[in-house]
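Q:
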Amino acid sequence: MEQHNAHGHESHESHGSMKSYVIGFLLSIVLTIIPLVLVMNDMLSKKATTAIILVMAVLQFAVQLIFFMHLREEQKPRYNLMALIFGLVILLTIVAGSIWIMTYNAIG
Amino acid sequence: MAHAVTAHTGAHGGHGAGHGGGHHDDHHDQESMKQFGFWLFLITDVILFGTLFATFVVLRLNTDGGPTGAELIELNGIIISTFLLLTSSFTSGVAVLEMHKGNKRGLILWLAITALLGASFIYLEVTEFIHLVHEGANIGTSAYWSAFFTLVGTHGLHVSVGLVWMVALMLQISRRGITPVTKRKVNIISLYWHFLDVVWIFVFTIVYLMGVM
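Okay, here's the thing in structure tokens:
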């Protein structure tokens, strides 16, 4: 039996709390400002900057999923999560596959 | 699922007592199925944007001797757009919270704020596109700009559709109030809105930040 929270307006739908939205919002702002500062001030080498800002974007994706879209609060069976993972596998195949093929088959 | 519904009506005291139990359950299941169906749509949209991102990344150096992104992109406007959309993702979440409190006015107010932020985003994007075209970069200029306008434009189109949808939903809520059906619709549109923010984060990172580096 799962625990229901004391406020009593708990339904099966996970809709988070003000606290989780504010935390998510603050995290997103931080994760947006870090890459901005890095890029605008040319602080690191191009490779390092690229790696860091891509990681920041992925982290921000996770923040939106967890704090705004409430993916973690889903009940079992977790069809939403499964569908998402399936989508991401296809996404990675398309993006990484395209880059790979076009990089190594470039003419001239 | 039945257990959750019981907890829900129980918590509200007599609120749902008038409904026949079975009917309520069926209705409820249908609404959550529709929400899941929308989630599946979002997954297909992930794949759509995936193909556009792949195209953009592959063609990012093919400017055909014309202007490059680094020359024409003005990051200041893009930074403002990014924060507008980020804030609107947050306010659409607040709208959902107001809905679960049963506050119809609060719900409509926060949806209106979200729509306003979204409209400002679109305004900035259109201004940017006009600027780019004046500088000699349109969708036919080079492979780079074709990929650029297709990717950024598809995202902008999604936001625009979301705006129309949001205004229609606000009208519907003001007429019908917060019902299981309008609840589901608000949940869905806020998912859609968060999703668009996620896509924009990647547009911002890959097209703009990496473009000016």
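So the protein sequences, as listed, match chains Z and S. Once you know that position 19 of the first sequence is 800 in the working numbering, the rest is easy, because the numbers rise by one and skip nothing. Once you know that position 71 of the second sequence is 879 in the working numbering, the rest is easy, because the numbers rise by one and skip nothing. Positions of the beta carbon are idealized from the N, C-alpha and C atoms, including for glycine. No experiment lies behind these values; they were computed from the predicted model shown.
Could you tell me whether the Cβ atoms of Z/V820 and S/F861 are closer together than 7 Å?
A: No, the pair does not count as a contact, with Cβ atoms beyond the cut-off.
Q: The ligand COA and S/I916: does any heavy atom of the ligand fall closer than 6 Å to the residue's C-beta?
A: Absent from the structure shown: the ligand COA. Ligands present: none.
Q: Return helix, strand or coil for S/P875, following the three-state DSSP convention.
A: Of the three classes helix, strand and coil, the one that applies to S/P875 here is coil, per DSSP.
Q: Please decide whether Z/Y885 counts as near chain S, where near means a Cβ-Cβ distance under 7 Å.
A: Answer no: the Cβ-Cβ gap between Z/Y885 and chain S never drops below 7 Å.
Q: With 7 Å as the threshold, decide whether the Cβ of S/H1002 is near any Cβ in chain Z.
A: S/H1002 counts as touching chain Z.
Q: Can you give me the C-alpha to C-alpha distance between S/G829 and S/A903, rounded to a whole angstrom?
A: Caution is warranted here: a pLDDT of 44 is assigned to S/G829, below 50, making its placement in the model unreliable, and no coordinate value can be reported.
Q: Which class does S/E933 belong to by DSSP, given the choice of helix, strand or coil?
A: Correct three-state label for S/E933: helix.
Q: Closer than 7 Å between beta carbons: that is the criterion. Which residues of the stretch 842-862 of chain Z meet it against chain S?
A: Here the close residues are F842, Q845, F849, M850, Y860 and N861.
Q: Would you call the CB atoms of S/G874 and S/T949 closer than 7 Å?
A: Yes, the Cβ-Cβ distance between S/G874 and S/T949 is below 7 Å.
Q: Between Z/V836 and chain S, is any beta-carbon pair separated by less than 7 Å?
A: So no, Z/V836 is outside the interface.
Q: What residue from S/S840, S/A976 and S/V865 has the CA that sits closest to S/T1013's CA?
A: Nearest option by C-alpha distance: S/V865.
Q: What residues in the stretch 833-849 of chain S bring their beta carbon closer than 9 Å to a beta carbon of chain Z?
A: Listed in sequence order: H836, S840, Q843, F844, W847 and L848.
Q: Classify S/G885 as helix, strand or coil using the three-state DSSP reduction.
A: If DSSP states are grouped into helix, strand and coil, S/G885 belongs with the helices.
Q: Per DSSP, what kind of secondary structure is Z/T831 in: helix, strand or coil?
A: The answer is helix: DSSP assigns Z/T831 an H, G or I state.
Q: For S/S968, tell me which candidate among S/D837, S/L893 and S/I881 has the shortest Cα-Cα distance.
A: When each option's Cα is compared against that of S/S968, the closest is S/L893.
Q: So with CB distances below 7 Å, who are the chain Z contacts of S/I887?
A: Going along chain Z in sequence order, the residues near S/I887 (Cβ under 7 Å) are L817.
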